[in-house]
Amino acid sequence: MKWTETLIVTQRDNPQEAEIPSHRLMIRAGMMRKLASGLYTYLPLGLKVLRKVEAIVRDELNRAGAIEILMPILQPRNLWERSGRWDLMDDIMLKVKTHQGQELVLGPTHEEVVTDLVSREISSYKQLPRNLYQINTKFRDEIRPRFGVMRSREFIMKDGYSFDADDESADRSYQLMYDAYTRIFARCGLTAMPVEADTGVMGGNQSHEFMVPAETGEDAIVVCPDCGYAANVEQAEIKPAHTTVTRTEDAIEEIDTPEVRTVEELAEFFQTTPDRFIKTLIYTADSQPVTVLIRGDREINESKLRRLLGAAELELADEETIRRVTGAPLGFAGPVGLSGIRIIADYTVVLIESGITGANRQDRHIINVNMERDCPGLEYHDLAVAVDGDLCPGCGTPMKIRRGIEVGHVFKLGTKYSESMGAMVKDESGGEKPAIMGCYGIGISRTVAAIIEQHYDEKGIIWPASVAPYQVLILAINPGDPAVGSVAEELYAALAERGIEVLYDDRSASAGVKFNDSDLIGIPLRITIGKRAVKSGELEVKRRDSDEVIKLPTAEVADWIVSNL
RNA sequence: CGGGGCGUAGCGCAGCCUGGUUAGCGCGCCUGCUUUGGGAGCAGGAGGUCCCCGGUUCGAAUCCGGGCGCCCCGACCA
């Protein structure tokens with residue numbers, strides 16, 4: 051392709067709206083343009099990369115035995131009512147209404163559609179296992195789209211769904227995808243690590259996210275440097291610390307604390323650190339109030355709490371409930387003397403030597419709390435959000451927190467959807483059983499951004515060859531000069547003939563502009579052709595990822611490229 | 001949804017506080033000439049509903065009210 055015949059529009063200045071490298075570079079290199087918040091047009095350069103990633107995904111999935119289909123983006127309401135997710139996913143669903151009044155949703159995901167399909171078309175265990183996937187646009191009404199295509203309202207996703215007749219087979223299907231994902235991200239030039247993850251509104255019983263470590267990642271992951279345990283903080287388990295503590299024998303004392311409610315205010319008031327406080331939170335779990343205790347410097351991990359309680363809906367209780375449960379307004383709750391409600395405590399609370407907590411009376415707190423003495427028989431669980439230095443659940447080594455970009459997610463779904471959508475198959479004895487499902491997603495557009503986050507320098511993008519929009523850039527310094535122009539044209543034709551993806555910068559722009567654009571768009575190999583080169587009969591070949599320049603006789607360049615790509 | 005910021009030419013911005021001629025600057029774009037190994041020079045030129053609506057005023061990019069849009073932090077989120 052000649053530069054002057056396509057649409058490669060680079061920008062010198064960083065766009066004011068872009069915060070992270072991939073977003074800035076995708077705009078500056080002319081890969082995409084914003085239409086509105088979270089909505090982007092892919093320009094030729096961006097689209098080429100997207101297609102490269104898709105091709106890798108297809109290749110690996112097909113190789114792993116998955117089958118490509120294409121499902122509608124518009125999905126009818128009744129389908130979602132059958133699975134029970136019409137209300138559950140209301141927050142992120144974009145809905146439309148036809149002139150006839152039919153309600154449709156722009157698919158945020160396709161479990162319902164695919165399971166409905168399988169329920170109609172597959173009826174025997176002999177037709178299983180099957181793994182169906184598609185690459186399609188997904189729509190989600192993100193509360194806050196950001197970072198370009200990292201989190202957008204419309205994006206390209208590969209979503210796949212496996213159906214198996216028994217658990218053992220389902221485990222194999224899961225493992226096949228897990229392995230395929232590992233290869234896909236490696237081929238994209240990404241360092242991606244699988245981590246244990248929360249299943250969220252997808253349901254199911256096990257899942258892994260594929261995380262690309264990056265400072266700009268929106269997810270926090272916990273990693274054990276010793277045994278390799280890795281998990282999303284939403285999921286991460288913590289081994290309780292076993293420190294011997296001598297708890298206070300001083301009697302509880304009630305203190306006047308007017309208008310002192312938050313942990314920060316308390317720390318200020320008592321001139322002490324937050325780890326002395328027994329933070330007492332009242333939650334409503336499926337409309338049942340429950341009291342949860344955690345040390346003042348730690349946060350409750352609501353995913354863990356939700357799992358422990360087996361609750362579908364979990365939220366902090368409103369003021370009225372708090373008043374009813376504790377007899378005091380918000381900010382003065384404490385476990386001592388609290389009755390008629392289930393109390394659950396995080397392990398961190400056990401280690402408080404002399405605690406401070408609410409007195410369940412307005413403007414009053416109590417000090418000298420000894421949990422063993424004052425709240426005997428409490429149930430203790432692991433409920434905290436993991437922080438740096440928490441102990442690995444596997445080996446007890448202090449863990450590290452890192453940031454990551456979620457590029458893929460695999461779930462064991464079990465029979466949640468096959469049961470609700472009626473995807474039943476006959477087994478060997480003629481009985482009916484729900485198919486056992488797994489689902490597997492890759493954010494294609496996000497993967498492109500993640501690749502850039504791992505491959506750029508101060509000058510621009512450095513594409514791994516596997517996903518580069520072109521393999522070779524011919525940079526003619528003065529293509530208007532007949533000698534230069536003809537050498538460049540000949541080489542361009544020679545490479546194109548050999549099937550090399552080549553971009554020829556035939557613009558008459560000045561050398562500096564062209565070199566800078568070349569670095570910005572990040573094509574792996576650059577061939578510079580100027581008067582000098584024409585005179586000496588040697589062309590300069592330079593890799594984008596190194597400073598080394600190779601000089602080759604003009605006639606040998608095409609063959610060298612073919613054997614060195 | 002809460003907090004903060006922003007909206008002036010394709011991009012990046014100044015002007016606004018303290019209202020006053022034809023609204024500026026850099027880059028980009030167009031024409032011509034010269035130039036061409038790391039963001040060229042000279043000359044000429046095009047391009048603006050100053051986000052929108054309303055108000056105040058003799059007069060509004062500027063002040064006031066409302067709305068819309070965009071970005072950041074948080075909440076939220078496969």
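In our numbering, the protein residues as written are 51 to 615.
We put the CB at the ideal spot given by N, CA and C, even for glycine.
Computed from a prediction, not measured in an experiment: that's the story for all the values here.
Output needed for A515: all residues of its chain with C-beta closer than 6 Å, excluding positions within five of it in sequence on either side, in chain order.
P574
Exposed unless 16 or more other CB atoms sit within 10 angstroms - verdict on T497:
buried
Taking Y39 as part of the alpha helix (DSSP H), name the residues at either end of that continuous run.
The structure shown has nothing for residue 39, since the chain only spans 51 to 615.
With burial defined as no fewer than 16 other Cβ atoms inside 10 Å of the residue's Cβ, what is the status of V295: buried or exposed?
exposed
Leaving out the 5 sequence neighbours to the left and right, which residues in its chain are closer than 6 Å to G405 when beta-carbon positions are compared?
I328 and V419
Between the C-alpha atoms of M449 and P275, what's the straight-line distance to the nearest angstrom?
7 Å
Pairing CB atoms from the stretch 286 to 301 with CB atoms from the stretch 467 to 484, are three or more of them under 8 Å?
no
Euclidean distance between Cα positions of L154 and L144
9 Å
Close-in-space but distant-in-sequence residues of the same chain around D325 (CB under 7 Å, 5 per side omitted):
R345, G346 and D347
Sequence-distant residues of the same chain with beta carbon closer than 8 Å to K102, five excluded per side
S516, V517, A518 and P519
Length at least 3, wholly inside the stretch 372 to 454: the beta strand (DSSP E) runs in chain order:
392 to 396, 405 to 411, 414 to 419 and 429 to 431
So the alpha helix (DSSP H) Y231 belongs to, where does it begin and stop?
D217 to R237
Could you tell me which residues DSSP puts in a beta bridge with V599?
K592
Can you tell me whether M143 is helix, strand or coil according to DSSP?
coil
Here's the rule: buried if 16 or more other CB atoms are within 10 angstroms of the residue's CB, otherwise exposed. What is D229?
exposed
With which residues is G510 paired in a DSSP beta bridge?
D507
Would you tell me roughly how many angstroms separate the C-alpha atoms of E643 and A281, rounded to the nearest one?
Summary: the structure shown does not reach residue 643, with the chain confined to residues 51 through 615, and so no result is reported for it.
What does a CB cutoff of less than 6 Å around V99 pick up in its chain, not counting 5 residues either side in sequence?
V498, V517 and P519
Span separating the alpha-carbon of R411 from that of L401
25 Å
Leaving out five residues on either side along the sequence, give the residues of the same chain with a beta carbon under 7 Å from the beta carbon of A367.
I332, Y333, T334 and P339
Counted within 10 angstroms of its Cβ, other Cβ atoms place V146 as buried (16 or more) or exposed
exposed
The beta strand (DSSP E) spanning F213 covers which residue range?
E204 to D214
Here's the rule: buried if 16 or more other CB atoms are within 10 angstroms of the residue's CB, otherwise exposed. What is N351?
buried
Using three-state DSSP, classify V295 as helix, strand or coil.
coil
On a CA-only basis, which of E104, P263, P94 and I185 is nearest E503? Give me that one, please.
P263
Tell me which same chain residues have a C-beta within less than 7 Å of the C-beta of T298, skipping the five on either side of it?
E403, S404, N418 and N420
What did DSSP end up calling F189 once you bin it into helix, strand or coil?
strand
For the pair the stretch 76 to 91 and the stretch 117 to 129, tell me if three or more CB-CB distances fall below 8 Å.
no
Per-residue DSSP class, three states only, for I123:
coil
At a cut-off of 6 Å, would you count D63 as near the ligand MG, judging by its Cβ distance to the nearest heavy atom?
In the structure shown, the ligand MG is absent, as is every other ligand, since no ligand is present at all.
Would you kindly work out how many angstroms separate the C-alpha atoms of N181 and R190, rounded to a whole number?
24 Å
State the start and end residues of the unbroken alpha helix (DSSP H) segment that holds M76.
P71 to R78
Who are the Cβ neighbours of K462 in its own chain at under 6 Å, not counting the five residues just before and after it?
Y224, G254, N255, Q256 and G488
Measuring straight from C-alpha to C-alpha, what distance separates R594 and S613?
18 Å
Rounded straight-line distance, which links the Cα of L364 to that of S389
21 Å
According to DSSP, is I571 helix, strand or coil?
helix
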